[in-house]
Amino acid sequence: MIDRGTCVRAAALLSALFASCEGQSGEHSCSWQYNDLHWDLSPLVKHKPSRDYKVDRSNWEFDMNVCANTLRIPPACTHQFGDKVQRAPGYQTFTHDGEIACYYMGNVNTREWGLLDE
Numbered sequence: 395m396i397d398r399g400t401c402v403r404a405a406a407l408l409s410a411l412f413a414s415c416e417g418q419s420g421e422h423s424c425s426w427q428y429n430d431l432h433w434d435l436s437p438l439v440k441h442k443p444s445r446d447y448k449v450d451r452s453n454w455e456f457d458m459n460v461c462a463n464t465l466r467i468p469p470a471c472t473h474q475f476g477d478k479v480q481r482a483p484g485y486q487t488f489t490h491d492g493e494i495a496c497y498y499m500g501n502v503n504t505r506e507w508g509l510l511d512e
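Position one of the sequence shown corresponds to residue 395 (our numbering), numbered consecutively onward.
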């Protein structure tokens, strides 16, 4: 079981990873600075023909990119939203016993991130 403190730290890390996101293309500097510390995350940005980062956990899947929208939209999101599905740097999807759900994990244009289960 992961405690709430770990989740908050993970959310802070995700916020740091995506804090430099600008625009739709992801073709920009992907760096973050805190006091005297500096991180350049450019090598982590996925580009075609690569695949997005993916984590499977029970019936949940997490598809994400770093500092850019994902390269593909998960089928569960297309199923739920159809043509109105939004581009996002990450998606959390659930598929089980015919139930399908899709959640956007941030927006590169607003730079907003947060815990989905908070």
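The beta carbon of each residue, even a glycine, is placed where N, CA and C say it ideally should be.
What you are looking at is a predicted structure, and each value in this text was computed from that prediction instead of being measured.
Residues near residue i in its chain [Cβ-Cβ closer than 6 Å; skip 5 each side]
i      : result
Lys448 : Asp457
Phe488 : Asn453, Trp454, Ala495
His473 : Ile494
Arg481 : Asn463
Proximal residues to residue i (C-beta, below 8 Å), its chain only, five neighbours per side dropped
i      : result
Leu465 : Lys440, His441, Lys442, Ser444, Arg445, Asp446, Asn459
Pro483 : Phe412, Cys415, Met458, Asn459, Val460, Cys461, Ala462, Asn463, Thr464, Met499, Gly500, Asn501, Val502
Ser436 : Ser423, Cys424, Ser425, Cys461
C-alpha gap between residue i and residue j, whole angstroms
i      : j      : result
Tyr497 : Thr504 : 16 Å
Val377 : His432 : Past the boundaries of the shown model lies residue 377; the chain is included only from 395 to 512, so the question cannot be answered.
Asp477 : Ala470 : 13 Å
Ile467 : Tyr428 : 32 Å
Gly492 : Asp450 : 18 Å
Asp430 : Leu438 : 22 Å
Tyr485 : Phe475 : 13 Å
Same chain only: Cβ atoms within 7 Å of residue i, ignoring 5 sequence neighbours per side
i      : result
His490 : Asn453
Residues that residue i bridges to, as DSSP identifies them
i      : result
Asn429 : None, per the DSSP bridge assignment.
Ile494 : Thr489
Asp477 : Asp477 is not bridged to any residue.
Met499 : According to DSSP, which records beta bridges pairwise, Met499 is partnered with nothing at all.
Asn445 : According to the sequence displayed, residue 445 carries Arg and not Asn. According to DSSP, Arg445 bridges with nothing at all.
Arg451 : Trp454
Contact test: residue i Cβ vs the ligand ATP heavy atom, cutoff 8 Å
i      : result
Asn463 : Although the ligand ATP was asked about, the structure shown includes no ligands whatsoever.
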